[in-house]
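Here the structure is laid out as structure tokens; the discussion comes afterwards.
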Amino acid sequence: MMSSINRRNPLREGLMSDKVVVRMAPSPTGFLHVGTARTTIFNYLFARHHQGKFIIRVEDTDVERSSEEMTAAILEALKWLKIDWDGEVYYQSDRFAIYKEYAEKLHQEGKAYYCFCSPEELRARREQALAEKRSLGYDRRCLNLSEQQRAELDSRGILKALRIKTPQTGTARFIDIVGGELTRDFGELDDWVIMRADGRCTYNFSCVVDDHLMEISHVIRGNDHIANTFKQQTIYDAFGWEKPQFAHVPLILGKDRAKISKRHGAISVADYQEDGILPEALFNFLALLGWSAGDDREIMTRQELIESFSLERINASNPIFDPVKLEWMNFEYIQKLDDNELLERARWVLINAGLTTRLSVESHWQWHLKVIHLMRERMKTLNDLPRLGRFFYTDDFDYDEKGVKKHFADPDTAQRLKQWHDELAGVEDDFGASKIESALRKLADNLGINPSAIIHPTRLALTGMTGGPGLFELMELLGKEKCLARIDRAIDYVKGVS
Numbered sequence: 000m001m002s003s004i005n006r007r008n009p010l011r012e013g014l015m016s017d018k019v020v021v022r023m024a025p026s027p028t029g030f031l032h033v034g035t036a037r038t039t040i041f042n043y044l045f046a047r048h049h050q051g052k053f054i055i056r057v058e059d060t061d062v063e064r065s066s067e068e069m070t071a072a073i074l075e076a077l078k079w080l081k082i083d084w085d086g087e088v089y090y091q092s093d094r095f096a097i098y099k100e101y102a103e104k105l106h107q108e109g110k111a112y113y114c115f116c117s118p119e120e121l122r123a124r125r126e127q128a129l130a131e132k133r134s135l136g137y138d139r140r141c142l143n144l145s146e147q148q149r150a151e152l153d154s155r156g157i158l159k160a161l162r163i164k165t166p167q168t169g170t171a172r173f174i175d176i177v178g179g180e181l182t183r184d185f186g187e188l189d190d191w192v193i194m195r196a197d198g199r200c201t202y203n204f205s206c207v208v209d210d211h212l213m214e215i216s217h218v219i220r221g222n223d224h225i226a227n228t229f230k231q232q233t234i235y236d237a238f239g240w241e242k243p244q245f246a247h248v249p250l251i252l253g254k255d256r257a258k259i260s261k262r263h264g265a266i267s268v269a270d271y272q273e274d275g276i277l278p279e280a281l282f283n284f285l286a287l288l289g290w291s292a293g294d295d296r297e298i299m300t301r302q303e304l305i306e307s308f309s310l311e312r313i314n315a316s317n318p319i320f321d322p323v324k325l326e327w328m329n330f331e332y333i334q335k336l337d338d339n340e341l342l343e344r345a346r347w348v349l350i351n352a353g354l355t356t357r358l359s360v361e362s363h364w365q366w367h368l369k370v371i372h373l374m375r376e377r378m379k380t381l382n383d384l385p386r387l388g389r390f391f392y393t394d395d396f397d398y399d400e401k402g403v404k405k406h407f408a409d410p411d412t413a414q415r416l417k418q419w420h421d422e423l424a425g426v427e428d429d430f431g432a433s434k435i436e437s438a439l440r441k442l443a444d445n446l447g448i449n450p451s452a453i454i455h456p457t458r459l460a461l462t463g464m465t466g467g468p469g470l471f472e473l474m475e476l477l478g479k480e481k482c483l484a485r486i487d488r489a490i491d492y493v494k495g496v497s
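So the sequence shown is numbered by numbering that gives the first Met the number 0: it starts at 0 and just counts up by one.
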């Protein structure tokens, strides 16, 4: 019955005991959280720095809450971040029989015992202990049941769970690479359940079995797992297994110093992808969230991060997630892209916004490149293109309210726009930026006014906004007919409000 424990395990093949092996172990109950993404990046960088292995192990033992859709979404998020892993993806739900076999081994060795207490009984005793201000841990009622008592309970079909026999005296301790030595009295750990009544093993037990079989050398995860680590120590001790090294990473906080959550805005990798953040920018940002290379570098390539990474440089204090800094970093990465690459990435945002089609972009690539060239320095995110450059793709936009009060309220505006319309209509042949600018300045000179008295109302008429890329360059891209039509529309609007 115990043959799979003693035989050569295929998971261990090719893994050397002196080699770095780390894992990312997501629970597929939701999208990939930025906190999980950050610890994943730390694991990835550590493995690549040491030419080790980086394993993905989906911890889907909570079958009621886990879903294949969330698993797929998590793996897609990793691919989007260009985080590659070694070998196949492991699923704990495929390995229940292995965990059960190891759990039963502890029972056979007298290191675990069956508990016949029902959930209702446990709840009642817990409430009583709470009222009496006693320890809330399991009272070991089933530890010393006789064989006859156990047989009688089994004959009645009473459900039973398997509990680890935790030492009642002494101290559990481990050295954490980030937090130093951590200790906890064994008496606080309780005889916790390692296998439920339905035969499924619990997270903390399954995790240890897998980490052992996969020869995980370092467990790098959030410090909200410290309590789990103390529990897991008892399993390593019960089997006599060598323990991995642990590095518990401080959790990410919002600016209010609360654990980052939905009320802080985007919290998943998918959220930031939808917000127009580039994967390389998010990777760089998260890698530097609570870690530094020891210098003042902010923008680092993946290779630079790999070469510089060490667990010892992870800060022991909680990092603050600054979305403004992320946008700044994203802007820097956008500026690194050439126009073709930026259009390749941004076109999907335009298409999803309903402003253009794939066929249109591919058929008029050079025109779209010119739009990108004009807009790129204003783009903190890819989503800024449809937001700030909407006017390139549609006539369906409103005029900025403040702009209307400032530039359309002058009673002379309608007349100036009409004169400007007529001047533009006379521009023949090349409707280029230089010709347009010459025509405007000539008109302003003839009217004895500052060119800005025409420029600002024209920008508002053509774009609906008071700021943006160079007016004459965007007019060239819009084309003569569209410029004239929009100025006509603005004239009618000004007459209606003045």
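C-beta atoms are modelled at their ideal positions from N, C-alpha and C, and glycine is treated no differently.
Excluding sequence positions up to five away, which residues of its chain have a Cβ less than 7 angstroms from the Cβ of residue i?
i	result
Ala128	Ser134, Leu135
Met225	As written in the sequence, residue 225 is Ile, which differs from the Met given in the question. Around Ile225: Leu181, His247.
Phe471	Ala432, Ile435, Glu436
Ala265	Tyr271, Asp274
Asn382	Asp274, Gly275, Val348
Thr355	Leu349, Tyr392
Asp210	Val218, Pro243
Asn5	Only weak support exists for where Asn5 lies, its pLDDT of 34 falling under 50; the coordinates are left without a value.
Arg139	Asp190
Leu158	Ala196
Gly29	Met69
With DSSP run on the structure shown, which of helix, strand or coil describes residue i?
i	result
Cys482	helix
Cys206	helix
Ala196	coil
Met23	strand
Arg507	Because the chain is modelled from 0 through 497, residue 507 falls outside the range shown and cannot be assessed.
Arg256	coil
Phe53	strand
Gly221	strand
His363	coil
Ser3	Reliability of the predicted coordinates at Ser3 is poor, the pLDDT of 36 falling under 50, and the value obtained from them is presented with this limitation in mind. Three-state DSSP puts Ser3 in a helix.
Ile40	helix
Trp79	helix
Ile453	helix
Ile319	strand
Tyr392	coil
Tyr492	helix
Met374	helix
Pro278	helix
Ala128	helix
Lys18	coil
Less than 8 angstroms separating the beta-carbons of residue i and residue j?
i	j	result
Leu31	Ile82	no
His217	Phe53	no
Val88	Val57	yes
Gly178	Ala315	yes
Ile313	His48	no
Ala438	Arg415	no
Tyr112	Leu142	yes
His455	His420	no
Gln232	Phe173	yes
Glu303	Met328	no
Phe95	Arg199	yes
Between residue i and the rest of its own chain, which residues show a CB-CB distance below 8 angstroms, the 5 nearest in sequence each way excluded?
i	result
Glu131	none
Pro9	Low local confidence applies: a pLDDT of 39 at Pro9 is under 50, so the model's placement there is unreliable, with the coordinate-based value given in what follows. Same-chain partners within the cutoff: there are none.
Glu475	Phe430, Gly431, Ala432, Ile435
Lys258	Leu250, Ile251, Leu252
Less than 6 angstroms between C-beta atoms, sequence neighbours within five positions excluded: which residues of the same chain meet that for residue i?
i	result
Arg440	Pro450
Gly402	Leu459, Thr465
Arg389	Phe396
Leu80	Pro278, Phe282
Ile24	In the sequence on display, residue 24 carries Ala and not Ile. So the qualifying residues of the chain are Arg56, Glu58.
Tyr137	Asp189, Asp190
Asp338	Leu368, Ile371, His372
Rounded to the nearest angstrom, how far is the Cβ of residue i from that of residue j, given a contact under 8 angstroms?
i	j	result
Lys166	Ile251	A small correction: the amino acid at residue 166 is Pro; Lys does not occupy that position in the sequence shown. Not a contact, Cβ separation roughly 35 angstroms.
Leu288	Val268	That pair is no contact at about 13 angstroms.
Ile193	Ala102	5 angstroms
Phe245	Arg183	Incorrect: roughly 13 angstroms between the Cβ atoms, too far for contact.
Ile490	Thr457	With a Cβ gap of about 11 angstroms, Ile490 and Thr457 do not count as contacting.
Glu422	Leu446	So it is not a contact: roughly 10 angstroms between Cβ atoms.
Met378	Ile333	5 angstroms
Could you tell me which residues DSSP pairs with residue i in its beta bridges?
i	result
Ser267	His32
Cys114	Ala160
Ala171	Arg183
Phe245	Asp175, Val218
Trp290	Ile313
Tyr89	Arg56
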